[in-house]
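Numbering (our numbering), first residue to last: 35 to 648.
Each residue gets a CB set at the ideal place from its N, CA and C atoms; glycine is no exception.
Working notes, beginning with the structure itself.
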């Protein structure tokens, strides 16, 4: 192993390093910076209270912890024997790796990486096995005078003294995460009864009595449970999942991730009970863990690898326990500009032109999960200038926009869309965004706001753009008011993007060309080509990587106004809009299929047409 370019024959033996040099190993992805201190701390003695007091401040300085979170953890820790670091992790304020990395930097120690655990030492002949397991201590390397160990808490001087006394050697600690050390101990002492008894007593103890609130809390705070839930969350973020489904069944727990709009089965935590996993999520979301008969909703904000992630939690009782769905809202992973979202061509031109209008209503429509809210946020980002006051009413507030006044609907205190709209109209806004038009009252207030000079953006749940007009009429909004206020309607769906590394082109059969008029859509191309998904390591062998929007934009025109005033059907409105130049959602999708952005199967899947396989 090389330390800052200096090779060492014994990778974990500090005695073999050049004299006077002690080099910390940086964590991957730049979370830990490299540093040097004089002399290897082979007999480290640090006051435990000093570490507990300083590590929180150090995390705040690094931007990994908020001052309020530290105060909350210290308050919870009063009168408890639990260590501050473990408590911060259990509360979800900081990840295990972030804490271990910061602790290593603060103490001037190395951070144990995965390769360090591969040749772990069994030192249970000199140190009690239960002692090692309870205190998360793992032997890594040994020389005549020095024992190198991985420790979750190298600031515990009593623990260091005990190890020195038991082994008769100087102790050279590495900082390790509790999860990594626990996994290495499980492998080292595989099938050992002592490990099973020490590592997870609380999970098995509460299985017989899930009505005891304190037992539920204890179960949710056990290290194996915390580790299992953290692994589920981190893996979902690494795989770009938008939702996590945790579902109890008769024979165990099922975990599924929604990736690019499609659910995929994942290995469930096998060492903890389903009730423990659900209880842990509910504790993190400040839900009532004793209430398992009624649905509950909550929110969690966590920090993973330096980024903040909001999560919306929904629980519902099922036959074999509570089913949990976690919506992941990773703001860094969502580009809030139209081109990145997949808008292009005439649809993008129409949308930008509609946003230039100083007043009127723009509706975005589509089913749940079609990206409507993200499109509205992209529109607000474009409209957000110092000259404009923007107010939003949302349920919930999914992304926080700088300079935008956002209001969270709270039905329990009667802060509904309609009530909030009445109040914000007195706030002198220029632009209003309504998360969803759910009822007649909200729709009528929005129309009145547009008539009085405001620009209003909102969403509806309809299948296409023309159906939004008839939906508003069904909500008892007068036709003459609709034609006076609605500027345009955007309907959209999300399709999976083909992986650019492995997509494969092919010439579609003649019947496919004829059915979809591909020769006309291909323009000057000599032969229209379509693309199919293949799969590679870059896309986790799915063939797809990310999603793109397909859309249609209905722009209000005089012929459309006349048809609406005459109570035309949605089909009639569609025909007129197409004559006026509207590119349908299906045509927009076919254009993306010809450009290799997506597949024909994806277009058929999301537009609810018959499947065609080329």
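Please state the DSSP three-state secondary structure of residue i.
i: residue 395; result: strand
i: residue 456; result: helix
i: residue 285; result: coil
i: residue 631; result: coil
i: residue 32; result: Residue 32 cannot be examined here, being either before or after the span of the chain that is shown, 35 to 648.
i: residue 326; result: coil
i: residue 379; result: helix
i: residue 488; result: coil
i: residue 345; result: strand
i: residue 664; result: Nothing can be reported for residue 664, as the shown portion of the chain is limited to 35 through 648.
i: residue 418; result: coil
i: residue 502; result: helix
i: residue 539; result: strand
i: residue 625; result: helix
i: residue 658; result: Nothing about residue 658 can be reported from this structure: the residues present for the chain run from 35 to 648 only.
i: residue 100; result: coil
i: residue 580; result: strand
i: residue 295; result: coil
i: residue 557; result: coil
i: residue 223; result: coil
i: residue 306; result: coil
i: residue 493; result: strand
i: residue 359; result: strand
i: residue 640; result: helix
Which value, in whole angstroms, describes the spacing of the CA atoms of residue i and residue j?
i: residue 423; j: residue 395; result: 16 Å
i: residue 273; j: residue 293; result: 7 Å
i: residue 330; j: residue 321; result: 7 Å
i: residue 324; j: residue 317; result: 10 Å
i: residue 569; j: residue 631; result: 15 Å
i: residue 409; j: residue 525; result: 11 Å
i: residue 200; j: residue 264; result: 34 Å
i: residue 593; j: residue 380; result: 20 Å
i: residue 472; j: residue 613; result: 31 Å
i: residue 107; j: residue 415; result: 36 Å
i: residue 487; j: residue 495; result: 25 Å
i: residue 79; j: residue 123; result: Its pLDDT being 38, under 50, residue 79 is placed unreliably by the model, and nothing is read from it.
i: residue 641; j: residue 624; result: 11 Å
i: residue 628; j: residue 539; result: 10 Å
i: residue 433; j: residue 153; result: 45 Å
i: residue 461; j: residue 438; result: 13 Å
i: residue 417; j: residue 127; result: 34 Å
i: residue 215; j: residue 385; result: 54 Å
i: residue 602; j: residue 635; result: 33 Å
i: residue 382; j: residue 554; result: 21 Å
i: residue 285; j: residue 257; result: 24 Å
Looking at residue i: is its Cβ nearer than 8 Å to the Cβ of residue j?
i: residue 426; j: residue 452; result: no
i: residue 311; j: residue 328; result: no
i: residue 204; j: residue 180; result: yes
i: residue 262; j: residue 306; result: yes
i: residue 360; j: residue 278; result: yes
i: residue 459; j: residue 481; result: no
i: residue 588; j: residue 616; result: yes
i: residue 513; j: residue 610; result: no
i: residue 501; j: residue 567; result: no
i: residue 176; j: residue 143; result: no
i: residue 25; j: residue 259; result: An answer regarding residue 25 cannot be provided, because it is not within the stretch 35 to 648 covered by the chain.
i: residue 582; j: residue 376; result: yes
i: residue 347; j: residue 332; result: yes
i: residue 118; j: residue 295; result: no
i: residue 428; j: residue 469; result: yes
i: residue 607; j: residue 503; result: yes
Under 8 Å by Cβ, that's how I've got residue i and residue j pegged, so tell me the actual separation to the nearest angstrom.
i: residue 490; j: residue 499; result: The Cβ separation is near 17 Å, so there is no contact.
i: residue 129; j: residue 337; result: 7 Å
i: residue 146; j: residue 174; result: 7 Å
i: residue 552; j: residue 542; result: 7 Å
i: residue 356; j: residue 282; result: 7 Å
i: residue 509; j: residue 474; result: 5 Å
i: residue 441; j: residue 454; result: 5 Å
i: residue 136; j: residue 193; result: Not really, about 19 Å apart at Cβ, beyond 8 Å.
Note down, in chain order, each residue of its chain lying with its Cβ closer than 7 Å to the Cβ of residue i, except the 5 sequence neighbours on either side.
i: residue 413; result: 389 and 491
i: residue 268; result: 338
i: residue 104; result: 90 and 94
i: residue 218; result: 151, 154 and 172
Residues in its own chain within less than 8 Å of residue i by CB, not counting five upstream and five downstream?
i: residue 573; result: 533, 535, 536 and 579
i: residue 406; result: 398, 399, 400, 493 and 526
Give me, in chain order, the residues of the same chain whose beta-carbon lies closer than 6 Å to that of residue i; leave out the 5 immediate sequence neighbours on both sides.
i: residue 198; result: 205
i: residue 363; result: 344 and 432
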